[in-house]
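Following: one structure in structure tokens, then a few remarks.
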Amino acid sequence: MISDLSLLTTLPGKDAVVPASDQGYGVQCVGLVKYYSSCGATAVWKEGDLVGESPGLARGTAIATFDENGKYRSAASGNHACFFISFMPSNTGITVLEQHVWPDPNKIQTRNIIYRGGRGDPSNDANAYSVIL
33 MISDLSLLTT LPGKDAVVPA SDQGYGVQCV GLVKYYSSCG ATAVWKEGDL
83 VGESPGLARG TAIATFDENG KYRSAASGNH ACFFISFMPS NTGITVLEQH
133 VWPDPNKIQT RNIIYRGGRG DPSNDANAYS VIL
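The opening position of the sequence shown corresponds to residue 33 in the numbering used here, with each subsequent residue numbered one higher.
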């Protein structure tokens, strides 16, 4: 969970964050989650409930994509971590708070991620996101 719910509205447009433990890696999506939550290192993250199957999911919940073994894959692409903001109208996807390589890798932003049913890059498929435990 994000440390302060007001950050969901005050952080978009701010400079991306890099936790001290990640200084050698530059701006990464996990940096935002690690900096503003108590999730800890990605090696200890465990997969919780699927976001799409959690209609009561709280704003500010830390979410990520996980592999078939329930582990966060720290790869160059195809994986992602962010904070849940809301479900999109007509349940077409989710809105998240993130640092992402697109469109501006140096800024915190909000983004809509559409349900794609497992097709394509998991980081761009709302079906691929689960709660971080």
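Heads up, the beta-carbon is just placed ideally off N, CA and C, and yes, glycines get one too.
Going by C-alpha distance, which of the options is nearest residue i?
i: residue 104; options: 160, 46 and 138; result: 160
i: residue 109; options: 77, 158, 61 and 52; result: 61
i: residue 39; options: 135, 130 and 156; result: 130
Distance check for residue j and residue i, CA to CA, integer angstroms please.
i: residue 67; j: residue 57; result: 14 angstroms
i: residue 97; j: residue 107; result: 11 angstroms
i: residue 102; j: residue 163; result: 11 angstroms
With DSSP as the reference, please indicate the residues paired to residue i in a beta bridge.
i: residue 139; result: 47
i: residue 100; result: Looking at the DSSP assignment, residue 100 forms no beta bridge with any residue, so it has no partner.
i: residue 145; result: 126
i: residue 113; result: 96
i: residue 118; result: 127
Practice problem: Answer yes if the region 138-151 comes into contact with the region 109-127, meaning at least three C-beta pairs across the two stretches below 8 angstroms, and no otherwise. | Solution: yes
Quiz item: Residue ranges of each beta strand (DSSP E) run of no fewer than 3 residues wholly in the region 55-95, ordered along the chain?
Solution: 79-82
Quiz prompt | the region 113-120 in contact with the region 82-101 per 3-pair CB rule at 8 angstroms | solution = yes
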